[in-house]
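> I have a structure here, written as structure tokens, and I will follow up with some questions on it.
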Amino acid sequence: AEKMAIEDARYVLPNACETKIVVTMNARSLYNFFNKRCCNRAQWEIRELAELMLLEVKKVAPSLFKYAGPPCIKGECTEGKMSCGKALEMRKKYGNI
1 AEKMAIEDAR YVLPNACETK IVVTMNARSL YNFFNKRCCN RAQWEIRELA ELMLLEVKKV
61 APSLFKYAGP PCIKGECTEG KMSCGKALEM RKKYGNI
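Here the sequence shown stands for residues 1 to 97, numbered as in the working numbering.
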């Protein structure tokens with residue numbers, strides 16, 4: 001929670017430090033992006049963006065991105081000791097996306 005507070009503190013600055021992101025990715029890079037950024041350990045804003053992007057690509061190429069998302073939905077968490085411990089919850093969540 002403290003880390004989130006520090007990251008969100010930039011919004012109290014007068015210029016609000018708005019960030020715009022433009023990306024170009026092929027399917028392989030996009031799949032890797034979802035693997036890293038849909039994880040609960042990813043920063044909340046980029047995770048939210050990744051989840052919204054995943055919803056959109058599944059509409060266009062559902063079979064290609066059927067198993068896209070954090071690594072724990074396909075097996076064990078790759079975060080080791082830093083795991084969020086919510087693998088079952090994540091499998092349910094990404095099974096419904």
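Glycine included, C-beta positions come from ideal geometry on N, C-alpha and C.
The model shown is predicted, which means the values in this text are computed figures rather than measured ones.
Mind checking whether Ala68 and Phe34 have CB atoms under 8 angstroms apart?
yes
> What is the rounded straight-line gap between the Cα of Ala42 and the Cα of Gly75?
18 angstroms
> By alpha-carbon positions, which one of Lys66, Ala50, Leu55 ends up nearest to Val22?
Answer by Cα proximity: Ala50.
> Along the chain, where does the alpha helix (DSSP H) that runs through Met53 open and close?
44-60
> Measuring CA to CA, which of Trp44, Arg91, Leu30, Lys20 is closest to Phe65?
Leu30
> For Leu55, count neighbouring C-beta atoms within 10 Å of its own C-beta (all shown protein chains included) and say buried if the count is 16 or more, exposed if not.
exposed
> In this structure, how does DSSP classify Leu64 when only helix, strand and coil are distinguished?
In the structure shown, Leu64 sits in coil (DSSP, three-state: anything other than H, G, I, E or B).
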